[in-house]
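A quick write-up on the structure given underneath.
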């Protein structure tokens with residue numbers, strides 16, 4: 026599978042937030058500290074010796090749980106208990122979201138309704154200059170329609186240009202066996218859009234990183250006929266990165282018989298997201314509204330790893346709820362690239 030990139034990416038202007046220094050000395054060396062709890066609306070700067078974990082919590086019925094406090098959780102890195110220095114709901118954090126549309130022939134009749142609903146969705150969640158969105162389509166291949174941008178007008182203009190996948194037909198009216206590669210498309214979206222070069226510029230590096238939420242919203246019937254990667258492998262990879270997946274299961278003309286509900290529900294549940302199965306265009310817009318509400322119910326916990334500094338290594342992170350009836354979805358590992366003296 027290939028990913029086709031357009032020749033132009035919208036420029037992103039990223040303001041770097043510098044570390045805060047504690048005037049107290051530790052062995053003659055200034056010590057960086059986690060910034061205090063910011064006022065609502067402020068972004069959270071992750072200084073050189075801190076990490077931020079964005080996570081969501083669901084109950085036994087899969088409903089988002091809000092109004093929890095730092096004392097409701099324990100946070101571990103490589104099995105060692107960590108101290109949570111800052112805790113808050115994450116609805117004020119920037120959101121980096123990729124919308125992935127199934128443009129295969131089986132979805133052709135739904136594409137106009139999907140585009141209208143996505144347009145309303147962008148208006149509902151997108152805060153220009155703060156949030157970042159991207160658009161991609163997939164069938165047998167992934168096509169980047171618009172890379173990550175904080176400009177709403179660019180996204181809406183690109184959305185209007187999307188057309189269903191056009192397949193060459195030979196003189197016998199046959200088509201090449203490209204199929205639909207849903208799981209490969211999700212993997213590429215996570216790696217090359219939400220973790221790609223532009224995403225890294227937005228987040229920053231070293232002592233000037235930004236805490237940010239990341240999610241994929243995919244519109245599809247859930248039927249995969251061509252992926253090289255397994256559903257379990259893709260879901261595990263997205264969860265390790267802390268990328269939540271929401272799916273809108275749409276059959277031809279909203280017919281449920283054409284939708285693989287089990288596949289979509291398993292995929293979303295594994296990453297902390299949800300699958301919706303709208304019955305008409307109005308229900309499709311309501312489903313998008315529920316996604317916005319879900320993303321607003323996440324939390325962020327900031328801590329300073331207590332493990333020994335050293336070369337860059339892969340580290341595991343776990344957020345454990347004290348109430349064992351609850352389930353947490355979060356990034357589960359990262360590469361320590363900031364703790365080498």
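Numbering (the working numbering), first residue to last: 26 to 366. Backbone N, C-alpha and C define an ideal beta-carbon position, used for all residues, glycine too. Since the model is a prediction, treat every value here as computed from it, not as a measurement.
Problem set entry | Contacting residues, own chain, Cβ-Cβ under 6 Å from residue 48 (five flanking each side not counted) | Residue placement at residue 48 is flagged as unreliable, the pLDDT there being 31, under the threshold of 50; the coordinate-derived value follows with that caveat. Around residue 48: no qualifying Cβ.
For this session: Using beta-carbon positions only, say whether residue 241 and residue 123 come within less than 9 Å of one another.
Result: In this structure, residue 123 lies closer than 9 Å to residue 241 by Cβ.
Exercise. Given a threshold of 16 other Cβ atoms within 10 Å of its Cβ, counted over all protein chains shown, does residue 86 qualify as buried or as exposed?
Worked result: Counting Cβ neighbours within 10 Å, residue 86 comes out exposed, since fewer than 16 surround it.
Exercise. Quick one: what does DSSP say residue 253 is sitting in, helix, strand or coil?
Worked result: Residue 253 sits in coil when the DSSP states are folded into three classes, being neither helix nor strand.
Problem set entry | Inter-residue spacing [alpha-carbon to alpha-carbon] between residue 272 and residue 309 | Answer to the nearest angstrom: the Cα atoms are 11 Å apart.
Exercise. Looking at C-alpha atoms only, which residue of 219, 246, 235 is the closest neighbour of residue 265?
Worked result: Nearest option by C-alpha distance: 219.
For this session: Identify every residue that forms a DSSP beta bridge with residue 342.
Result: Paired residue(s): 102.
Exercise. Should the stretch 149 to 157 be regarded as contacting the stretch 284 to 304, the criterion being three or more beta carbon pairs within less than 8 Å?
Worked result: No, because fewer than three Cβ pairs between the stretch 149 to 157 and the stretch 284 to 304 fall closer than 8 Å, the two stretches do not touch.
For this session: For residue 248, I'd like the list of residues in its chain whose CB is within less than 7 Å of its CB, leaving aside the five on either flank, ordered along the chain.
Result: Hits under 7 Å: 205, 285.
Exercise. Alpha carbon to alpha carbon, what distance is there between residue 319 and residue 236?
Worked result: For residue 236 and residue 319, the distance between alpha carbons rounds to 18 Å.
For this session: Please list, in chain order, all residues of the same chain as residue 112 whose beta carbon is under 6 Å from its beta carbon, the five residues on each side excluded.
Result: Closer than 6 Å at the Cβ level, and outside the excluded window around residue 112, lie 95, 326.
Problem set entry | Separation of residue 72 from residue 135, as counted between CA atoms | Their backbone Cα atoms lie some 46 Å apart in a straight line.
Exercise. Excluding sequence positions up to five away, which residues of its chain have a Cβ less than 7 Å from the Cβ of residue 20?
Worked result: The structure shown does not extend to residue 20, since the chain is modelled only from 26 to 366, so the question has no answer here.
For this session: For residue 252, I'd like the list of residues in its chain whose CB is within less than 7 Å of its CB, leaving aside the five on either flank, ordered along the chain.
Result: Correct list, in chain order: 206, 207, 208, 209.
Exercise. Is it true that the CB of residue 74 sits closer than 9 Å to the CB of residue 329?
Worked result: Closer than 9 Å, so yes.
Exercise. With DSSP run on the structure shown, which of helix, strand or coil describes residue 218?
Worked result: Correct three-state label for residue 218: helix.
Exercise. How many angstroms separate the CA atom of residue 183 from the CA atom of residue 102?
Worked result: As the crow flies, the alpha-carbon of residue 183 is around 41 Å from that of residue 102.
Problem set entry | Inter-residue Cα distance where the pair is residue 350 and residue 185 | About 44 Å.
Exercise. Quick one, are the C-beta atoms of residue 342 and residue 106 less than 9 Å apart?
Worked result: No, the pair does not count as a contact, with Cβ atoms beyond the cut-off.
For this session: List the whole-angstrom C-beta distance separating residue 347 from residue 80, where the pair is believed to meet the contact cut-off of C-beta under 8 Å.
Result: About 14 Å; that fails the 8 Å criterion.
Problem set entry | Identity of the residue in 211, 312, 221, 276 nearest residue 257 by Cα | Shortest Cα-Cα distance from residue 257 to any of 211, 312, 221, 276 involves 211.
For this session: Please look up how many angstroms separate the CB atoms of residue 121 and residue 243, rounded, as I've assumed it's under 8 Å.
Result: Wrong, their Cβ atoms sit about 15 Å apart, outside the cutoff.
For this session: Could you check what DSSP says for residue 107 in three-state terms: helix, strand or coil?
Result: Residue 107: strand per DSSP, three-state reduction.
Exercise. Quick one: is residue 194 buried, meaning 16 or more other Cβ sit within 10 Å of its Cβ, or exposed?
Worked result: Because residue 194 carries a pLDDT of 47, less than 50, the predicted location of this residue cannot be relied on, and no value is offered for it.
For this session: Run the CB neighbour count on residue 331, radius 10 Å, all protein chains shown included, and call it buried at 16 or more, exposed below.
Result: By the 10 Å Cβ count, residue 331 comes out exposed.
For this session: Look up residue 83 in the DSSP assignment and give the residues it is bridged to.
Result: Partner(s): 89, 352.
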